[in-house]
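**Q** The following block contains the structure, expressed as structure tokens.
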Amino acid sequence: MSNDHSGRIRMMQGNEACAEGALVAGCRFFAGYPITPSTEVAEHLSVKFPKIGGRFIQMEDEIAAMGAIIGASLTGMKSLTATSGPGFSLKQENIGYACMAEVPCVIINVMRGGPSTGMPTLPAQMDVQQARWGTHGDHGIIVLSASSAQESYEQTIRAFNLAEKYMTPVILLLDEIVGHTTEKVIIPDESKIEIVNRRKPAEKPKDYLPYRETEDCIPTLAPFGTGYRYNVTGLCHNETGFPTNDNKIIGKLVHRLVKKIVMHADDIIEVKKTMLDDAEIGIFAYGSVSRSARSAVLKCREMGIKAGLLEPKVLWPFPKKEVLAMARKVKAIIVPELNMGQMAREVELASRCAVPVHKLGRVDGNPIDPREIVDMIKGVV
Amino acid sequence: MMERYEIRLSGSGGQGLILAGKILAEAAAIYEGRNAVQTQSYGPEARGGASKAEVVISDGEIDYPKALELDLLLSLTQESCRKYSGDLKKGGILIIDSGLVKDLPKGEFKVYSLPITEIATEKVGKAVVTNIVALGILTRIAGVISEESVKKAILARVPKGTEELNMKAFDEGFRAGNELLS
Amino acid sequence: MAEEQSASKKPAVIRIKLEWCKGCEICVAFCPKKVLVMEGGKAKVENPGDCIKCMLCELRCPDFAITVE
Amino acid sequence: MFNYLEYIREKNFPHIWCAGCGDGIVLKAILRAIEKSGISLDETVMVSGIGCSSRTPGYVDMNTLHTTHGRAIPFATGVKHGNPKLNVIVITGDGDATAIGGNHLIHAARRNIDITVLLYNNYIYGMTGGQCSPTTPTGSRAATAPFGNIEPPFNTSGLAIAAGASFVARADVYNVANCEKMIAMALAKKGFSLVEILTPCPTAFGRRNKMASPVKLMEWLRDNAVPAAKWKKMTEEERRGRMETGVLMDVDKPEYTAEYEKLVTSLRTGK
Chain A
107 MSNDHSGRIR
117 MMQGNEACAE
127 GALVAGCRFF
137 AGYPITPSTE
147 VAEHLSVKFP
157 KIGGRFIQME
167 DEIAAMGAII
177 GASLTGMKSL
187 TATSGPGFSL
197 KQENIGYACM
207 AEVPCVIINV
217 MRGGPSTGMP
227 TLPAQMDVQQ
237 ARWGTHGDHG
247 IIVLSASSAQ
257 ESYEQTIRAF
267 NLAEKYMTPV
277 ILLLDEIVGH
287 TTEKVIIPDE
297 SKIEIVNRRK
307 PAEKPKDYLP
317 YRETEDCIPT
327 LAPFGTGYRY
337 NVTGLCHNET
347 GFPTNDNKII
357 GKLVHRLVKK
367 IVMHADDIIE
377 VKKTMLDDAE
387 IGIFAYGSVS
397 RSARSAVLKC
407 REMGIKAGLL
417 EPKVLWPFPK
427 KEVLAMARKV
437 KAIIVPELNM
447 GQMAREVELA
457 SRCAVPVHKL
467 GRVDGNPIDP
477 REIVDMIKGV
487 V
Chain B
445 MMERYEIRLS
455 GSGGQGLILA
465 GKILAEAAAI
475 YEGRNAVQTQ
485 SYGPEARGGA
495 SKAEVVISDG
505 EIDYPKALEL
515 DLLLSLTQES
525 CRKYSGDLKK
535 GGILIIDSGL
545 VKDLPKGEFK
555 VYSLPITEIA
565 TEKVGKAVVT
575 NIVALGILTR
585 IAGVISEESV
595 KKAILARVPK
605 GTEELNMKAF
615 DEGFRAGNEL
625 LS
Chain C
544 MAEEQSASKK
554 PAVIRIKLEW
564 CKGCEICVAF
574 CPKKVLVMEG
584 GKAKVENPGD
594 CIKCMLCELR
604 CPDFAITVE
Chain D
26 MFNYLEYIRE
36 KNFPHIWCAG
46 CGDGIVLKAI
56 LRAIEKSGIS
66 LDETVMVSGI
76 GCSSRTPGYV
86 DMNTLHTTHG
96 RAIPFATGVK
106 HGNPKLNVIV
116 ITGDGDATAI
126 GGNHLIHAAR
136 RNIDITVLLY
146 NNYIYGMTGG
156 QCSPTTPTGS
166 RAATAPFGNI
176 EPPFNTSGLA
186 IAAGASFVAR
196 ADVYNVANCE
206 KMIAMALAKK
216 GFSLVEILTP
226 CPTAFGRRNK
236 MASPVKLMEW
246 LRDNAVPAAK
256 WKKMTEEERR
266 GRMETGVLMD
276 VDKPEYTAEY
286 EKLVTSLRTG
296 K
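Those protein sequence lines, which keep their order, are chains A, B, C and D. Position 372, counted from 1, in the first sequence is what our numbering calls 478; the numbers after and before it change by one each time, with no gaps. Position 120, counted from 1, in the second sequence is what our numbering calls 564; the numbers after and before it change by one each time, with no gaps. Position 18, counted from 1, in the third sequence is what our numbering calls 561; the numbers after and before it change by one each time, with no gaps. Position 106, counted from 1, in the fourth sequence is what our numbering calls 131; the numbers after and before it change by one each time, with no gaps.
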């Protein structure tokens, strides 16, 4: 998409690009609560939505915002909320609800430093494990990452597409740098953008089962008000959507919630590789840090060091195969990230001890400077 | 081909430096077809305190979006000058408000000292356009983006009805920069 | 209630769905004509002829177990 | 005879509520009120939180949404704002709506969004086993107030009025005809409406407070829930410990989704 210069070129902040991407994806409902550094997403949509009949609402708190987007999604609206660390923590119970009831929605989390109120205006990537395991219980989840304004735009569209396709909440993680960096976004022709809408029930209301067992493990929820009367609950439920205590049905349900994502992992996972083919040192980086890593790779190549970069665009499900493939080729892996090794641990697991994995963590609110990565690579070599 | 030109605009929150940064980035990216990235760093307060906006301009791809070795630093306050001048590279440019920055940092760079705030208040008549006056000065002294592109970017960004005022501010700054160079 | 009595000449048909009745006794306690009694932990129609079709037993039955026609 | 079977999901019966629980009595009043109001079941969404009363949607044949604890009102706000044509009814309890969900109640009332909240007040957390709630009377015993509750209770209806609800009423399941009437009025109201329904919990509240039998609690409601007409004639002394029932607030004011629609129209037409 970024090479398509026939599209319109605009300068946008990452946060604004998310809002623009949501509009193109067909999102027409936003509920949120102000929090730095994500607030521009809400502000932008508060201007845009009323003009096109979309619905914006500022709720009384983060929990309410998450509840409202689930409610709106059940009426058939593509729904979005945006938040940051503390707000993301507050939303977790209802994110679990969306997983359990299989209600599509998108949550953008512009990460700042923590724990607690932490660093409201400074970047971090400390929520990557919270995005995976923040809500209680076993469940599958899709988490995307963006490293530029262009990607913020594209990944927001993809987040909606995946949410609608797999009937699940999708989390898009930005960090403060990406959210607040203004740069070029090339807006492609709308006819060239793939938009996925949720499927509609094929059967008549009397034969309808919202959570019918299917081969692809994806349920079909009819929008409220279209003649299909059914029940939605966060309790373990059967195919009709009613609560059950039947252990067999419960076991099947939880297995399916996990399997739904795992079995489609190849369709969901996306990575970007830079100079990885002949690399001796592999870097695994995401979000704004992947930009530092790309600079570092180029610098290393100038110095004759064969470095390469693996950038996951989807953090969860974790790209195990791609990491293992890299681990089998390189002599060492470096994982720079704005936390103390949250994804480095996953890289270690996925690489099955094939090579040493070196952590480069920063938690002081400063970005990772490409020179730091170069220095570490030099040390490893 | 220009590899990477790094500009940092620093001052106190509320001086409109983030807007000035966006204008510079848009001038380079939209009106000159180059790549430009603007980032910001700020404290929790909307007014006061040291704040900065950075612009990286390049004819190639810009990976790391923040400044690494500054080509140009603009400082409108003493505090921001002290706090943000460490990354200024050898032979770089430091533009300061002569009325507000008294202690200069030590280093091998060229210093351009002008009464930026005073130009805005005395010659243009409004302190609110200090950022645009600064843009005029910077455009002339840096010489990396054309006067025309910056003007177009200003007009696209400022509120309707203030175009004339902002153009005057830019011209006064540009002229002051010109005088200093000649 | 006097009006209701004269308007409905047919004797009342009171049905109790025993599998839904949980035996709370509310219908028995507040029947103005003592039509209902408790038997084996469930409500039972004892004096249907006395029913004035005030419907209170039906309205107050929490279990959807009583209907009066 | 009212045919309840047309409105319920019969296969889910008998329901889970205890013998003598008032929740079933309220449910029947709701179904009669819905029939009276003439709203279509296809276009009605019943939303609930967590607790005994919040199991209600499972028994009615409409679009039903059983949400997380305290959050029924935000989910309902999303449903209503997402599709304003839908009739949205929230079923909640005293714990759900005034403790964990208290903030949402206040703000939905302030926004005056067209949602009907039916708040079952049984003075206790029933489902978790009888812990005290924000409406447990001072001195009453609860699983977490074994020596008697030392906190003062919320005046839930008063709270909704103060927050800006356009319709507020109180009803009880002893005076079941009035209960049905208040629910019907709330359903008909354009704007945020709340009916606080006093309902007995013999298992968790009555048993600890010398009213173990359902009949005792119904008698307590008979003696202490006072219709407005009678309330007006009572002295301060007589009112002490008793609750006024009937319409407590009924006012017309701008409704949220209608105001939003106006904004959309004005932005689109420039008027």
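Where a beta carbon is used, it is the ideal one built from N, C-alpha and C, also for glycine.
Residues of chain B with CB under 7 Å from A/Glu257, in chain order?
**A** None at all; the shortest Cβ gap to chain B is about 13 Å.
**Q** Between A/Gly182, A/Glu199, A/Lys197, A/Gly191, which lies nearest to D/Leu111 when the distance is taken from Cα to Cα?
**A** With distances taken between Cα atoms, D/Leu111 lies closest to A/Gly182.
**Q** Residues in its own chain within less than 8 Å of C/Asp593 by CB, not counting five upstream and five downstream?
**A** Within the same chain, C/Asp593 has close Cβ partners Lys576, Lys577, Val578.
**Q** Using C-beta distances below 7 Å, list every residue in its chain close to A/Gly467, excluding the 5 sequence neighbours before and after it, in chain order.
**A** Excluding residues within five positions, the ones whose Cβ falls inside 7 Å are Glu443, Asn445, Met446, Gly447.
**Q** Are the stretch 188-205 of chain D and the stretch 47-64 of chain D touching by the rule of at least three beta carbon pairs closer than 8 Å?
**A** Yes, since at least three Cβ pairs between the stretch 188-205 of chain D and the stretch 47-64 of chain D fall closer than 8 Å, the two stretches touch.
**Q** How about D/Pro239 and D/Pro252: do their beta carbons lie closer than 8 Å?
**A** Result no, Cβ atoms of D/Pro239 and D/Pro252 do not sit closer than 8 Å.
**Q** So A/Ile176 packs on A/Asn200, CB below 8 Å; how close in whole Å?
**A** The Cβ separation is near 6 Å, so the contact holds.
**Q** Which residues, taken in chain order from the stretch 174-196 of chain A, show a beta carbon closer than 8 Å to some beta carbon of chain D?
**A** For the stretch 174-196 of chain A, which is checked against every Cβ of chain D, the residues closer than 8 Å are Ala174, Ile175, Ile176, Gly177, Ala178, Ser179, Leu180, Thr181, Gly182, Met183, Ser185.
**Q** What does the alpha-carbon distance come out to for the pair A/Cys103 and D/Ala209?
**A** No answer is possible for residue 103 of chain A: the residues shown for chain A start at 107 and end at 487.
**Q** By the three-class DSSP mapping on this structure, what secondary structure does C/Met598 have?
**A** In this structure, C/Met598 counts as coil in the three-state DSSP scheme.
**Q** Report the option in A/Glu309, A/Thr223, A/Pro476 whose CA atom is closest to the CA atom of A/Ala328.
**A** Of A/Glu309, A/Thr223, A/Pro476, the residue nearest in Cα terms is A/Glu309.
**Q** Please work out which residues of its chain come closer than 7 Å, Cβ to Cβ, to A/Glu168, disregarding the five sequence neighbours upstream and downstream, and give them in chain order.
**A** Taken in chain order, the residues that qualify are Tyr139, Thr189, Gly193, Leu196, Lys197.
**Q** Which residues does DSSP list as the beta-bridge partners of D/Met268?
**A** Paired residue(s): D/Ala250.
**Q** Thinking C-beta only, is A/Thr262 closer than 8 Å to A/Gln119?
**A** Going by C-beta atoms, A/Gln119 is not nearer than 8 Å to A/Thr262.
**Q** Report the neighbours of D/Thr123 on chain A: residues whose CB is nearer than 7 Å to its CB, in chain order.
**A** The contacting residues do not exist; D/Thr123 stays about 15 Å from chain A at best.
**Q** Start and end of the beta strand (DSSP E) containing B/Val572?
**A** Element bounds for B/Val572: n/a, residue is neither H nor E.
**Q** Compare the Cα-Cα distances from A/Thr326 to each of A/Ile355, A/Val209, A/Val436, A/Glu296 and report the closest residue.
**A** Checking every option, the nearest Cα to that of A/Thr326 belongs to A/Val209.
**Q** Do B/Ala497 and B/Gly458 come within 8 Å of each other at the CB atom, strictly closer than that value?
**A** In this structure, B/Ala497 does not lie closer than 8 Å to B/Gly458 by Cβ.
**Q** Which residue from B/Glu505, B/Lys604, B/Gly617 puts its Cα closest to that of B/Tyr556?
**A** Comparing Cα positions, the closest option is B/Gly617.
**Q** Please specify which runs of the beta strand (DSSP E), each continuous and at least 3 residues long, are wholly inside the stretch 75-154 of chain D, giving them in chain order.
**A** Fully enclosed beta strand (DSSP E) runs of 3 or longer: 88-91, 112-118, 141-146.
**Q** Once you ignore the five residues that flank B/Ser519 on each side, which residues in its own chain have a CB closer than 8 Å to its CB?
**A** If we look at B/Ser519 and ignore the five residues flanking it on each side, its Cβ neighbours are Ser454, Gly455, Cys525, Tyr528, Ser529, Leu538, Ile539, Ile540, Asp541, Val545.
**Q** Going by DSSP, which residues form a beta bridge with D/Ala167?
**A** In the DSSP output, where bridge partners are listed per residue, D/Ala167 has D/Ala170.
**Q** If we call anything under 8 Å between Cβ atoms a contact, is C/Ile569 one with C/Cys604?
**A** Contact flag set, yes.
**Q** Grouping DSSP H, G and I as helix and E and B as strand, with all else coil, what is A/Cys133?
**A** Note: A/Cys133 maps to strand in three-state DSSP.
**Q** So with CB distances below 8 Å, who are the chain C contacts of D/Gly49?
**A** Under the 8 Å cutoff, chain C gives Cys604, Pro605, Asp606, Phe607.
**Q** Taking all protein chains shown into account, do 16 or more other C-beta atoms lie within 10 angstroms of the C-beta of B/Ile506, making it buried, or fewer, making it exposed?
**A** Answer is buried; the Cβ neighbour count reaches 16.
**Q** Please compile the residues from chain B whose C-beta is within a distance smaller than 8 Å of the C-beta of A/Ser398.
**A** Under the 8 Å cutoff, chain B gives Asp507, Tyr508.
**Q** State the DSSP-derived secondary structure class of A/Gly120, mapped to helix, strand or coil.
**A** In the structure shown, A/Gly120 sits in a helix (DSSP, three-state: H, G or I).
**Q** Strictly under 8 Å for the Cβ-Cβ distance: is A/Val338 near chain D by that measure?
**A** It does: the Cβ of A/Val338 has a partner Cβ on chain D nearer than 8 Å.
**Q** Counting only C-beta atoms, is C/Lys587 closer than 8 Å to chain D at any point?
**A** No, C/Lys587 does not count as interfacial toward chain D.
**Q** Let me know if A/Ala433 comes out buried or exposed under the rule of 16 or more other beta-carbons within 10 Å of its beta-carbon.
**A** Classification of A/Ala433: buried, given that the 10 Å Cβ count is 16 or more.
**Q** What in chain A is Cβ-close to B/Val481, meaning under 8 Å?
**A** Simply Thr287, Thr288, Glu289.
**Q** Identify, in the order they occur along the chain, each residue of the same chain with its Cβ nearer than 6 Å to the Cβ of A/Cys124, setting aside the five sequence neighbours on each side.
**A** Counting only Cβ-Cβ distances below 6 Å, and skipping sequence neighbours, we find Val147, Ile214, Ser258, Thr262.
**Q** Report the CB separation of D/Met243 from C/Phe573 in whole angstroms; it is logged as a contact under 8 Å.
**A** That pair is a contact at about 7 Å.
**Q** Which residues of the stretch 52-65 of chain D have a Cβ closer than 9 Å to any Cβ of chain C? Give them in chain order.
**A** So the list reads Leu52, Lys53, Ala54, Arg57, given in the order they occur along the chain.
**Q** I need the straight-line Cα distance from A/Ser108 to B/Ala472, nearest angstrom please.
**A** For A/Ser108, the pLDDT reaches just 35, beneath the cut-off of 50, and the residue's location in the model is therefore unreliable, although a value from the coordinates is still provided. So the alpha carbons of these two residues sit roughly 18 Å apart.
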